[in-house]
Every structure is written in structure tokens, then in C-alpha cells.
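Chain order of the listed sequences is A and B. Taking the numbering used here, the leading residue of the first sequence gets 1, the next gets one more, and so forth. Taking the numbering used here, the leading residue of the second sequence gets 161, the next gets one more, and so forth. The beta carbon of each residue, even a glycine, is placed where N, CA and C say it ideally should be. This report refers to the structure that appears directly beneath it.
Protein chains: 2
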Amino acid sequence: MDAEGKKHSLRMINYGLYIVTAKENNEVAAGTINWLSQASFTPPLVMVGIKADSHLHTVIQHRGQFAVSILDQSQKALAQDFFRPSTYDGLLLSGHATDPGPTTGAPILKETPGWFEVEVRQAISIGDHTVYIAEVVDAGVRDKAAIPLVMRETGWFYGG
Amino acid sequence: MDAEGKKHSLRMINYGLYIVTAKENNEVAAGTINWLSQASFTPPLVMVGIKADSHLHTVIQHRGQFAVSILDQSQKALAQDFFRPSTYDGLLLSGHATDPGPTTGAPILKETPGWFEVEVRQAISIGDHTVYIAEVVDAGVRDKAAIPLVMRETGWFYGG
């Protein structure tokens, strides 16, 4: 296989950016991710790739649930905040206000336009990321008119 | 769960648009899809949701391989051509020139900026779409400077 062709063609896939959070007992993990897509209408499923050697992965494996906060086009800086290990103090996640997810307890960022919570139905571990097939069990929208962030417009790539 | 919240939050996920093709013996299937993401760097995996009751699904199930042609921002009309059942005559796929994929034999659209071919490693059938976890086995790029189509900019939605 042409390695350059593989890198460039896979980088042509378009993505949004999302902050995934999980909470098990007093342990909270968070991270910015882009490998996420819907996977079924009925039941409502998503498929999400999470780096297998990450703290976020550990907490999701234990809990079997997580939350997704969807970033608006104006929130590139917020995405960047969750490239680093996060802190959770009161309801402040790395300094950002959150609400506990009604179903998962995972912190949901108040300043994002929409969110959903999922329960893992299957975890497939054949690559360097685990693919979670997960059912949407709760969701909410704060700003229906929001235009979600397109990863390409940030100049970042995670893929190839 | 708030049905409106679910619909609107899931529609905030950003996607590109892709033409997926598969060929088994003389049978060719094609369709425009958006539920696609990378899922691993090593090995290079993608995860793709394909409608379970579609002809494309039938051919992928038999063949275990398929090809993905990536649409440029100028190719909304091309995306629309593959919402309908396709024809394959010579190397013309619904009237568009193709090359046979070097590994899968599936037709790859000549006018798209990039493509890759995959072999299915796992098929997960717990929703109304099958999730294929598939390894990228061949790939090529014709226009490195292309800006791939963002589904939101077409005004179409497939999700929610």
C-alpha cells in the first residue's frame, strides 16, 4: 500500500470535535476526540474510537457509560483544553462549569450547544483504539441554531 | 429521553460524504454514505455504518471488502447520484468513469480526489445499520489540495 496515499486519503475524512467525559465513583476522565459517528437510528447508536492507552479509556471500561459534549464552531480553545489531563474540582472540569449527566453522572460542559449520554453495548478492541458501539440514553440541546466545529477548519488532524 | 434533544444533538455531529462501492462476481453495489470514521492507526482501521436492508449491505456481506471514494466540496451532485440504485456498464458507474479497485475490484470513481479500499475485520449487527470495522488495504490520492465535502453544507441530514 502507498503510505502517502493512505495518510492523505484518510485525512480527507471530515470530522467534528467532541469532549467525551466519564465518571466512576470519584474518578473523572475527559478528552477531546473526533472519531465519532452515529451508527443506527433504532436503537439510537453511535460508534466512537477511544485511544486504548488513555485514562478516558480506563474509566469508560469500568463504567460502561460516557457523555459527549458537542463543540460549537467558536470553541476551538475549549477543544484544546481537553488535549491535556483534566482536573475536576466541585463541578468545574479543567475550570469549565459542568452539570452532572442525568443518566451517567459524567460532567457535561454547560457552555456547549448540545450533548448526549450513552451506554456501551459493545467494545471492539482490534486496533490501537477501542471502538465503542453505544446506545444514546439521554440528550439535550441548548442552542438549536449552533454550527458545530468542523475539525478541518481548526488546522488540526487526527487520522491518516 | 427527550426525543427532540436526541434528534438535534445527534444532528450536530459533523460528517463528510463518501461513495461506497462493492463488487462480487458480476454484482456491483454503490451508495452515498456519511457514517464513516477512522478507528485505529495501527492497524489502519475505519468504522462504517451501512443500512442493513440495502443492496450495498448484501454485496459487502458476501464480498467482505469494499471501496470508499471521497467527495470534494464541489461534488454535491455526484453524492446525489448515488442516493438512487446504480447501474454498472463497462466501467461506467451510473454514468461516471471508474477504475477497478486494485485490491477489491470495486469501482472507484475517477473524478473524486481520494479513495481507499478496505477488508472487513468485524461486522456488528445490533442496530438498523451494520457497523463494519475494516482495515485499509489500499489507498490513493489524486488531489492533495482538495477540500472534502462537509455534509452540513449540503443542507442534508442523515442522523438524529
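Worksheet item: At a Cβ cut of 9 Å, what residues of the segment 133–145 of chain A count as close to chain B, listed as they run along the chain?
Response: Ile-133, Glu-135, Val-136, Val-137, Asp-138, Ala-139, Gly-140, Val-141 and Lys-144
Fill in: Endpoints, alpha helix (DSSP H) assigned at A:Arg-63
Your numbering for residue 63 of chain A matches position 63 in the first sequence. A:Arg-63 -> alpha helix (DSSP H) spans 55–63.
Practice prompt. Starting from A:Ser-9, find everything on chain B with Cβ-Cβ shorter than 9 Å and list it in chain order.
Written response: Against the first sequence, residue 9 of chain A aligns to sequence position 9. In chain order: Val-228, Ile-230, Pro-273, Gly-274, Trp-275, Phe-276, Val-296, Ala-299, Gly-300 and Val-301.
Fill in: Which listed residue (A:Pro-113, A:Pro-44, A:Ser-9 and A:Ala-29) has its alpha carbon closest to that of A:Lys-144
For the purposes of this step, residue 144 of chain A is identified with residue 144 of the first sequence, where counting begins at 1. Among A:Pro-113, A:Pro-44, A:Ser-9 and A:Ala-29, the Cα nearest to that of A:Lys-144 belongs to A:Pro-113.
Fill in: Cα-Cα separation between B:Glu-295 and B:Arg-281, rounded to whole angstroms
Counted from its first residue, the second sequence places residue 295 of chain B at position 135. Counted from its first residue, the second sequence places residue 281 of chain B at position 121. Roughly 7 Å between the two C-alpha positions.
Worksheet item: Quick one, which of B:Met-161, B:Arg-244 and B:Tyr-175 has its alpha-carbon nearest B:Gly-315's?
Response: Counting from one through the second sequence, the residue named residue 315 of chain B turns up at place 155. Comparing Cα positions, the closest option is B:Tyr-175.
Worksheet item: From A:Gly-160 to B:Gly-224, what distance separates their C-alpha atoms?
Response: To locate residue 160 of chain A, count along the first sequence from 1; it is residue 160. To locate residue 224 of chain B, count along the second sequence from 1; it is residue 64. Looking at the two C-alpha atoms, the distance is approximately 22 Å.
Discussion item. Please confirm whether B:His-289 has its beta-carbon closer than 9 Å to some beta-carbon of chain A.
Written reply: Looking up residue 289 of chain B in the second sequence gives position 129. Closer than 9 Å: yes.
Worksheet item: Nearest-angstrom Cα distance between B:Val-219 and B:Asn-186?
Response: Numbered from its first residue, the second sequence carries residue 219 of chain B at position 59. Numbered from its first residue, the second sequence carries residue 186 of chain B at position 26. Looking at the two C-alpha atoms, the distance is approximately 11 Å.
Worksheet item: B:Leu-269 and B:Ala-257: beta carbons closer than 9 Å?
Response: Along the second sequence, one-based indexing puts residue 269 of chain B at 109. Along the second sequence, one-based indexing puts residue 257 of chain B at 97. Going by C-beta atoms, B:Leu-269 is nearer than 9 Å to B:Ala-257.
Practice prompt. Mind listing the chain A neighbours of B:Pro-204? Cutoff is C-beta to C-beta under 9 Å, in chain order.
Written response: For this step, residue 204 of chain B is matched to residue 44 along the second sequence. The answer, in chain order, is Met-1, Lys-6, Leu-10, Gly-127 and Gly-160.
Worksheet item: Per DSSP, what kind of secondary structure is A:Leu-91 in: helix, strand or coil?
Response: Here residue 91 of chain A refers to the residue found at position 91 of the first sequence. If DSSP states are grouped into helix, strand and coil, A:Leu-91 belongs with coil.
Item to complete: Flag this pair as yes or no: are the beta carbons of B:Ala-227 and B:Glu-277 separated by less than 9 Å?
Response: Numbered from its first residue, the second sequence carries residue 227 of chain B at position 67. Numbered from its first residue, the second sequence carries residue 277 of chain B at position 117. The answer is yes: Cβ separation under 9 Å.
Item to complete: Would you mind sorting B:Asp-249 into buried or exposed? The rule is 16 or more other CB atoms within 10 Å of its CB.
Response: Position 89 of the second sequence, counting from 1, holds the residue named residue 249 of chain B. With fewer than 16 other Cβ atoms within 10 Å, it is exposed.
Practice prompt. Taking B:Ile-193 as the query, report the chain A residues whose CB atoms sit under 8 Å from its CB, ordered along the chain.
Written response: Here residue 193 of chain B refers to the residue found at position 33 when the second sequence is read from its first residue. Within 8 Å Cβ-Cβ: nothing; B:Ile-193 doesn't reach chain A, min ~10 Å.
Worksheet item: At which residue ranges does the segment 167–243 of chain B contain complete beta strand (DSSP E) runs of 3 or more residues, listed in the order of the chain?
Response: 178–184, 187–193, 196–200, 205–211 and 225–230
Worksheet item: Pick from B:Ala-182, B:Ala-190, B:Ile-193 and B:Val-206: whose alpha carbon is nearest that of A:His-129?
Response: For the purposes of this step, residue 129 of chain A is taken as residue 129 along the first sequence, with counting starting at 1. Considering only alpha carbons, the answer is B:Val-206.
Item to complete: List the residues of chain B that A:Leu-36 touches, going by C-beta distances under 7 Å, in chain order.
Response: Here residue 36 of chain A refers to the residue found at position 36 of the first sequence. What A:Leu-36 touches in chain B: Ile-173 and Ser-197.
Discussion item. Tell me which residues share the same chain as A:Thr-87 and place their Cβ nearer than 6 Å to its Cβ, disregarding the 5 neighbours each side in the sequence.
Written reply: As a first step, residue 87 of chain A is located in the first sequence; it is residue number 87 there, counting from the start. Excluding sequence neighbours, A:Thr-87 sits near Ser-94.
Practice prompt. Buried or exposed for B:Ser-200, please, with buried defined as at least 16 other CB atoms from any protein chain shown within 10 angstroms of its CB.
Written response: The sequence position of residue 200 of chain B within the second sequence is 40, counting from 1. Answer is buried; the Cβ neighbour count reaches 16.
Discussion item. For B:Pro-308, tell me which candidate among B:Ile-179, B:Phe-317 and B:Phe-243 has the shortest Cα-Cα distance.
Written reply: Within the second sequence, residue 308 of chain B is the residue found at index 148, counting from 1. Ranking the options by Cα distance to B:Pro-308, first place goes to B:Ile-179.
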